[in-house]
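Everything on this sheet refers to the single structure shown next.
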Amino acid sequence: MPEDLLEGLPIGLLILGPQGSLVLSNSCARSICDRLPKASEPAPHHFSCPNFLPQPIHRMCRAVIESRDLFPEQPVIIEDVVPLDSFTKIQIRARWLELETDSYLLVMLQTEPQAQSMPEIQPLQLTNREAEVWQLRRAGYPYKAIAAQLQITLNTVKKHIKNIHAKREIAKWLKE
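Positions in the sequence shown are counted from 1; adding 128 to them yields the numbering used here.
Have a look at this one:
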């Protein structure tokens with residue numbers, strides 16, 4: 129799969145070799161991985177953990193590998209939801225990706241914004257989409273990753289951020 133195609137996807141994708149070597153990733157996955165705690169557990173002899181691989185993903189990859197050893201004839205998908213911060217959860221799914229000649233570990237990462245838990249949204253009267261954009265921005269996402277995650281254009285992200293800042297200024301002015 130060409131890397132250009134991966135960049136346009138609204139979810140993070142990691143494709144790892146059977147020993148844990150990184151084959152492909154997109155910017156959304158790299159952004160999420162940068163914010164999750166790194167693996168500290170020693171890797172089993174048959175799975176070399178890349179330095180960047182976060183602990184929750186490392187654990188899931190190990191579980192997928194072990195599931196193949198235990199249930200070789202059954203496809204297994206391992207899922208987990210991991211808190212990223214008080215406003216965001218990351219849904220992680222890992223499974224084997226079987227191609228004609230090789231097998232890879234496919235890890236899918238998706239943020240689950242919890243906009244309702246952001247106290248500043250209520251007084252600002254943000255739209256649902258503005259709340260999603262603001263939550264991702266506060267979580268450290270760059271504009272391009274926000275656009276990819278929410279399947280909107282970069283200009284739309286910029287417009288939402290501009291509207292949010294305007295609403296914040298109005299709210300600040302009204303408090304004074």
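Yeah, the Cβ is synthetic: ideal placement off N, Cα and C, and Gly gets one too.
Counting only the same chain and skipping the five closest in sequence on each side, list residues whose C-beta sits under 6 Å from that of A276.
P138 and C156
Those runs of the alpha helix (DSSP H) which lie wholly inside the stretch 252–293 and span at least 4 residues
256–266 and 271–278
Through-space distance from V192 to A294, alpha-carbon basis:
47 Å
Answer with buried or exposed for E258, where buried requires no fewer than 16 other C-beta atoms within 10 angstroms of its C-beta.
buried
Going by C-alpha to C-alpha distance, which of L141, H288, Q279 and L181 sits closest to R265?
H288
What span of residues does the beta strand (DSSP E) with S149 cover, start to end?
Unbroken run through S149: none, as it is neither H nor E.
Considering only the beta carbon of each residue, do I218 and V235 sit closer than 9 Å?
no
For L144 versus Y269, is the C-beta spacing smaller than 9 Å?
no
Spatial neighbours of L164 within its chain, please: CB distance less than 8 Å, with the 5 preceding and 5 following residues excluded, ordered by chain position.
P182, Q183, P184, I185, V210, L212 and I218
Based on DSSP bridge pairs, tell me the residues matched to K217.
P211 and E240
In chain order, what residues of the same chain lie with their CB nearer than 8 Å to the CB of Q279, ignoring the 5 residues before and after it?
P138
Taking buried to mean at least 16 other C-beta atoms within 10 Å of its own C-beta, is Q263 buried or exposed?
buried
In whole angstroms, what is the alpha-carbon distance linking L152 and P146?
13 Å
Would you kindly report the start and end of the unbroken alpha helix (DSSP H) that includes L198?
Q183 to L198
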